[in-house]
Amino acid sequence: MPTSQIEFRPLHAAHGAEVRGVDLSQPLDAEVARRLRTGWLHHQLLLFRGQRIDDPTHIRFARQFGHLEIFPEADQRSSQHPEIFRVANTDEAGNLRRPDDPVAGYLTIVESWHTDSAYRPIPSLGAALRALAVPAEGGDTLFANLLAAGESLPAGLRARIARRTAVFSYEATRARAAGPVRALSEAEKHDTRAVRHSLLRRHPDRDNRVSLYISPLNIAGIEGMAEGEASALLDELTDWATQDRFVYRHRWQVGDLLLWDNRVTMHQVMPYDRARERRVMHRTALAGSEPVLPPL
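Per numbering that gives the first Met the number 0, the very first residue in the sequence shown carries number 0; after that it's consecutive.
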């Protein structure tokens with residue numbers, strides 16, 4: 000496809016662009032892939048509408064942006080393509096999951112603000128999420144621009160977190176589910192041990208600009224702070240970062256594919272009727288290439 004046909008149309012003043020002129024069912028040539036990578040870094044969030052593609056094509060597209068990581072829990076991955084994490088309230092046959100199903104319980108946590116794989120020693124670079132079924136109401140995804148939020152932090156608040164690190168925990172993440180979740184195996188616990196990341200991080204692909212780095216769902220505490228003090232600080236940072244001026248709200252359509260940069264965004268899913276409405280999303284996550292880099 001000619002690169003001259005590619006358009007980036009802004010979605011929101013905060014961040015995000017809809018990409019026109021790209022058919023993801025076709026292999027991308029090197030120049031198109033380069034333009035998309037450049038646009039992704041600049042806009043942080045790219046929307047491709049009307050993309051009726053299958054999982055192998057989704058995976059092929061995502062690999063244009065980096066290596067893919069595998070979600071730690073096998074029962075939430077596609078049985079055919081382990082690179083695909085099924086963010087879905089149905090099983091693979093399309094049956095709605097019961098409220099007491101452990102997978103359904105896990106789904107409730109995505110209604111909290113988070114950035115993907117923040118519980119890993121090297122968090123995810125980005126993610127590509129594709130809509131296969133959407134509810135009639137609810138289920139929107141909100142995306143907060145942590146780069147803009149970080150660069151505009153009040154001086155006093157910035158000074159309070161300048162050298163702070165937070166504890167990110169997968170076990171704490173799962174404990175926040177509103178329903179039952181499957182107990183982790185010892186091997187899974189070992190592979191998802193708690194890690195520590197700076198609350199401010201620089202972006203090596205954006206001239207080392209400094210972003211806020213929070214993931215309220217995953218943060219179990221802040222080093223050197225009592226639990227109540229840490230919780231209050233995290234609430235303050237979250238309130239700052241989720242002001243309307245920093246947040247794009249996406250209303251999903253079947254065939255949408257969203258690609259975002261996890262280093263400078265966080266997101267949350269709005270509630271919907273999980274007992275009656277199907278919401279089926281397939282996600283690939285880009286593996287990170289370096290640990291969280293604190294400011295220079």
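For each residue, glycine too, the CB sits at the ideal point set by N, CA and C.
Remember, predicted model here, so these are calculated numbers, not experimental data.
DSSP beta-bridge partners of residue i
i	result
residue 210	200
residue 194	167
residue 280	86 and 130
residue 247	142
residue 265	143
residue 9	16
residue 113	266
Delimiting residues of the beta strand (DSSP E) encompassing residue i
i	result
residue 258	256-260
residue 106	Run containing residue 106: none in the beta strand (DSSP E); it sits in the alpha helix (DSSP H), 101-106.
residue 183	Here residue 183 belongs to no beta strand (DSSP E), and DSSP marks it neither H nor E.
residue 46	44-47
Residue i: first and last residue of the uninterrupted alpha helix (DSSP H) it sits in
i	result
residue 237	226-240
Reduced DSSP secondary structure (H/G/I, E/B, other) of residue i
i	result
residue 60	helix
residue 150	helix
residue 27	coil
residue 16	strand
residue 92	coil
residue 68	strand
residue 219	strand
residue 80	coil
residue 137	coil
residue 124	coil
residue 35	helix
residue 295	coil
Short Cβ contact (8 Å threshold) for residue i with residue j
i	j	result
residue 269	residue 137	yes
residue 146	residue 261	no
residue 240	residue 213	yes
residue 54	residue 80	yes
residue 277	residue 92	no
residue 113	residue 216	yes
residue 297	residue 18	Residue 297 is absent from the structure shown; the chain starts at 0 and stops at 295.
residue 361	residue 208	Summary: the structure shown does not reach residue 361, with the chain confined to residues 0 through 295, and so no result is reported for it.
Exercise. Three or more C-beta pairs closer than 8 Å, one from the segment 256-268 and one from the segment 114-128: is that the case here?
Worked result: yes
Problem set entry | At least three beta-carbon pairs within less than 8 Å, the segment 245-253 to the segment 152-166 | no
Exercise. Is the number of C-beta pairs between the segment 61-71 and the segment 281-295 that are closer than 8 Å three or more?
Worked result: yes
For this session: For the segment 169-183 and the segment 91-107, state whether three or more C-beta atom pairs, one from each stretch, are separated by less than 8 Å.
Result: yes
Exercise. Should the segment 216-231 be regarded as contacting the segment 156-173, the criterion being three or more beta carbon pairs within less than 8 Å?
Worked result: yes
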